[in-house]
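> Sharing a structure, written as structure tokens. Questions coming.
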Amino acid sequence: DTGATGDFIDKDYVKELGLPTWNLSQPVQVFNVDGTLNEAGLISKVVDAIMTYKKHSECILLVVTKLGKQKVILRYTWFKKHNLDIDFTTGTAKMT
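Now the structure itself:
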């Protein structure tokens with residue numbers, strides 16, 4: 005979601021991958037893209053992950069929450085920094 009203002013990972017995906025989580029000092033509320041409160045309630049955990057796309061790898065801090073159908077949602081600034089060529093029709097992306 006290129007309109008996201010944070011980097012998120014689905015809590016079930018975190019469990020599936022067996023990633024260790026860290027507690028936030030202060031839990032925060034998260035809202036869905038439609039403005040409604042996320043059903044997971046307060047966000048209280050984050051995960052440090054290594055994200056790899058082809059030959060590119062980087063460490064990224066992801067907020068753990070319930071995302072529904074998506075496993076990971078990255079903020080707009082990540083896409084801007086990496087200048088991906090995204091084809092929304094085919095669902096493909098190329099890092100330029």
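Here my numbering is used: the first residue of the sequence shown is 5, the next is one more, and so on. Even for Gly, the Cβ is constructed at its ideal location relative to N, Cα and C. Model, not experiment: these values are computed from the prediction.
1. Where do the ends of the beta strand (DSSP E) carrying Leu65 lie?
2. Out of His86, Thr94, Val51 and Met99, which has the shortest C-alpha to C-alpha gap to Ile13?
3. The alpha helix (DSSP H) with Leu78 in it runs from where to where?
4. Taking C-alpha atoms, which residue in Thr25, Asn36 and Gly7 lies nearest to Lys70?
5. From what residue to what residue does the alpha helix (DSSP H) around Leu21 run?
6. Spatial neighbours of Tyr17 within its chain, please: C-beta separation below 6 Å, excluding the five flanking residues on both sides.
7. Just verifying my parser: in three-state terms, what is the DSSP assignment at Val49?
8. According to DSSP, is Lys73 helix, strand or coil?
9. I think Val110 touches Asp11, with their Cβ atoms under 8 Å apart; what is that distance to the nearest whole Å?
Let's see:
1. Where Leu65 is concerned, the enclosing beta strand (DSSP E) stretches over His60 to Thr69.
2. By alpha-carbon distance to Ile13, the top candidate from His86, Thr94, Val51 and Met99 is Val51.
3. Run containing Leu78: none; DSSP gives neither H nor E here.
4. Among Thr25, Asn36 and Gly7, the Cα nearest to that of Lys70 is on Asn36.
5. Unbroken alpha helix (DSSP H) run through Leu21: Lys15 to Leu21.
6. The answer, listed in chain order, is Lys75.
7. The amino acid occupying residue 49 in the given sequence is Lys; Val does not appear at that position. In this structure, Lys49 counts as strand in the three-state DSSP scheme.
8. The answer is coil: DSSP assigns Lys73 none of H, G, I, E or B.
9. Because residue 110 is not part of the residues shown, which for the chain are 5 to 100, the question remains open.
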